[in-house]
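There are 4 protein chains.
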Amino acid sequence: MARPLSPEKRNALLAAATQAVADLGVQASTASIARGAGVAEGTLFTYFENKDVLFQALYLHLKEDLGETIMPGYPYESDFRHRVEHIFQRYVSWGLENKAKRLAISRLSGSGQLQDATRARGMERFQAVSRMMEDAVQSGVLVNAPIAFLYAIIERIADTTIEYMDSHPGDAQRHLALGFHAAWRAITP
Amino acid sequence: MARPLSPEKRNALLAAATQAVADLGVQASTASIARGAGVAEGTLFTYFENKDVLFQALYLHLKEDLGETIMPGYPYESDFRHRVEHIFQRYVSWGLENKAKRLAISRLSGSGQLQDATRARGMERFQAVSRMMEDAVQSGVLVNAPIAFLYAIIERIADTTIEYMDSHPGDAQRHLALGFHAAWRAITP
Amino acid sequence: MARPLSPEKRNALLAAATQAVADLGVQASTASIARGAGVAEGTLFTYFENKDVLFQALYLHLKEDLGETIMPGYPYESDFRHRVEHIFQRYVSWGLENKAKRLAISRLSGSGQLQDATRARGMERFQAVSRMMEDAVQSGVLVNAPIAFLYAIIERIADTTIEYMDSHPGDAQRHLALGFHAAWRAITP
Amino acid sequence: MARPLSPEKRNALLAAATQAVADLGVQASTASIARGAGVAEGTLFTYFENKDVLFQALYLHLKEDLGETIMPGYPYESDFRHRVEHIFQRYVSWGLENKAKRLAISRLSGSGQLQDATRARGMERFQAVSRMMEDAVQSGVLVNAPIAFLYAIIERIADTTIEYMDSHPGDAQRHLALGFHAAWRAITP
DNA sequence: GATGAATGAGCTTTCATTCAT
DNA sequence: CATGAATGAAAGCTCATTCAT
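Protein chains in written order, with the working numbering: chain A, 251 to 439; chain B, 251 to 439; chain C, 251 to 439; chain D, 251 to 439.
Set out below in structure tokens:
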């Protein structure tokens, strides 16, 4: 592993894996991923020790990508509601614009192949959000519950929102508003 | 009429499949499922034409099982809040008491192998709930959103609640209350 | 085996086997043959000990059927040419009218599953022909070669003739004449 | 360019398939063929997409082999009888010296698994013979019949001849002469 | 005797992984 | 390092045969 020669190939493999996992879940074959990336079957294994390592890396890669969309412009100084709204809306638009990535995360997440450590590391990039939520709980703006619990609820409502916006494009804005309404009310006392 | 198909064997196969899918997702092998059910490998295929058919049947079987837990005692005459609470609490306790079943549903749901038709048929048993929610939307008790959207949000929050109650058994009652609070607020205006 | 209760069932099985073997060769499954005969899978095995026994019986049954078409009206008193012509023409018309039977014989014959003893017993019904040919060899009308050799040549030419008449129905009569011409010349000095 | 596909392995697979098909027909298992070729089970499928493709390739390979024996030394300038005799004798000696190959062709031919296109491509190598026979028909040396019909008759008589020479080695030369006599007379007016 | 569920060996094919080139 | 042929352990599924009903 260490220092692979070509970041392009690594990225091509991750991109191909994203599509393959979105389509077929963890059943996607390493051969098809390599083909999708335009590299030889064996090459995959010089970048990722085995299929499981590839999947953990893929999950982290996708979460990183999500983080890079959500976090820039994060309104550190606004009130809690605006900060949650920022996160919610960015999450939703990332999901709408990156269907394969969102599906791949969801497939990995529900496959039983994702290690707890990986899931935990995937959260790291969102610490600013966690901290904000802690403060908000302290100050009584959010309901007094574990952060992870609140975070999970927001995430699930956001996922549901994405699915609805996706399948009912005409009502997209309405569903976005409904989704955020639900999320905000769900986590406030 | 020779030996009739045995409901016990069918159930044993579904039970074994539940466990196997909970453990390994759709990667669970038919051989391991048959072994788990105590029947020969070939026998699985006299009860289910192929693996895919088995999975669709398993999903429906589990949803049926869930329905049989949730629906009895449904307080048709109570106010909306109590009815939603009934559903929520029953759903959560079923999930807590049937970890493998809940996991199996979730694995199937996220696998990409579940047909839309199967998902739709799985909802049939819960029509009383849908109808109640329609009325509640009409009367302004629930927020004006598609029933399926509201239903999905409740389901997701319930799932999250189950996961938390499961991993923090000490705080179970508190999380149950928090979960219902979140769900109720999420779907009300 | 011995005395099966129902000759109808036995015949239905042989008829279904004929069709199945014509279609798929010896790969035809016993289940499909039973289905074709309208009996249960297990019933096949009360009439025929196993698949191999069925195939030997099928071959004999078909040869018997062929014999019953060819031999009646055999012109014991005509000259050799007319007797051979009788055989040839009857063989060809049987083949044309019983495509599945002919194909089944050919599939069995070429499958490597047919026992030599079965092949030999299949010849028994045609002893009058063999004897006639012996006489004809004695009297110098036919070329001095083993009867079986001459018989095989006639058979092969007849098969070829059938195939041609079958695929070129317009020229049927011409091919029949050509076929007999070839056969008669082939076996005469 | 990694390890290139090895013609030796391909040939070993075809040789093993020849033997296996000669012994068991199309029922021969891919596992036994791979074992016979001294390669892993999976390797067969890097050389032949699936069993059917293997069988079509095998047929063509064997016909090619036959063509390479028959055609060299073909007396383009001799009279028609000598040319037919060349073909007949070469065909027969190839068959005698390559029992497994001949049997394999015959098993494939009668199995119902051989595609028409494959059968047609198998004839390509013998175009010189077809053309010669066309000329001979034109010039009245051969009986006025479709070339394929005449060709089939020769082939069938040659096959019969081979079988007899094989089972009666003492009379081999006599049967060869008888066989050619029969064939030549069969196709001439 | 007839039925068809039950069996498990066996089949073809796939696939993660290795390693010769 | 990149390649893709080679590997062989599964995988899903079929099927001849048995036997409880």
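From the three backbone atoms N, C-alpha and C, an ideal C-beta is built for every residue, glycine too.
Close-in-space but distant-in-sequence residues of the same chain around residue i (CB under 8 angstroms, 5 per side omitted)
i       : result
S328(A) : H336
L231(A) : Limits of chain A in this structure are 251 at one end and 439 at the other, which puts residue 231(A) out of reach.
I397(C) : S380, M383, E384, V387
I283(B) : L263, A266, A267, A270, L294, L304
P439(D) : G390, L392, V393, N394
R260(D) : Y297
Within-9 angstroms CB hit, residue i to chain B
i       : result
H332(A) : no
I283(A) : no
F376(A) : no
A266(A) : no
T410(A) : yes
I320(A) : no
I403(A) : yes
F399(A) : yes
H311(A) : no
G292(A) : no
P396(A) : yes
G362(A) : yes
Q423(A) : no
S256(A) : no
S356(A) : yes
Same chain only: Cβ atoms within 6 angstroms of residue i, ignoring 5 sequence neighbours per side
i       : result
A252(A) : Confidence is the limiting factor: at A252(A) the pLDDT is only 48, short of 50, which leaves the residue's position unreliable and the question unanswerable from this model.
T280(A) : L294, K301
W344(A) : L316, T319
Own chain residues within Cβ distance below 7 angstroms of residue i, not counting five before or after
i       : result
H418(B) : H425
Y341(B) : I320, A408
Y414(C) : H425
G372(D) : Y309, L310, K313
D315(C) : K351
G286(D) : A266, Q269, A270
A402(A) : none
Y326(A) : none
L346(B) : I412, M415, D416
A422(B) : M415
F399(A) : none
Whole-angstrom C-beta distance between residue j and residue i, which should lie under 8 angstroms
i       : j       : result
A435(D) : A436(C) : The question names Ala, but residue 435(D) is Arg in the sequence shown. Their Cβ separation, rounded to whole angstroms, is 6 angstroms, which keeps R435(D) and A436(C) in contact under 8 angstroms.
G360(D) : S356(C) : 6 angstroms
Within-9 angstroms CB hit, residue i to chain C
i       : result
R359(D) : The sequence given here has Ser at residue 359(D), not Arg. Answer yes: the Cβ-Cβ gap between S359(D) and chain C drops below 9 angstroms somewhere.
V393(D) : yes
I407(D) : yes
H418(D) : yes
F338(D) : no
L426(D) : no
L308(D) : no
V276(D) : yes
L346(D) : no
9 angstroms Cβ cutoff, residue i in contact with chain A
i       : result
A433(B) : yes
E413(B) : yes
T438(B) : yes
D273(B) : yes
Any chain D beta carbon closer than 9 angstroms to residue i
i       : result
Q365(C) : no
M251(C) : At M251(C), the pLDDT of 43 sits below 50, so the modelled position is not reliable and the matter cannot be decided from this model.
The segment 350-367 of chain B contacting the segment 299-314 of chain B, beta-carbon criterion three pairs below 8 angstroms: yes
Segment contact flag, the segment 422-437 of chain C with the segment 272-279 of chain D, C-beta cutoff 8 angstroms, min 3 pairs: no
Segment contact flag, the segment 279-294 of chain A with the segment 342-354 of chain A, C-beta cutoff 8 angstroms, min 3 pairs: no
Cβ contact (3+ pairs, closer than 8 angstroms) linking the segment 390-408 of chain A and the segment 371-389 of chain B: no
Inter-stretch contact at 8 angstroms, needing at least 3 Cβ pairs: the segment 400-410 of chain B / the segment 401-413 of chain A: yes
Completely contained alpha helix (DSSP H) runs for the segment 313-385 of chain A, where each covers 4 or more residues: 330-347, 349-361, 366-373
Every unbroken alpha helix (DSSP H) inside the segment 280-307 of chain C [4 residues or more]: 280-287, 294-297
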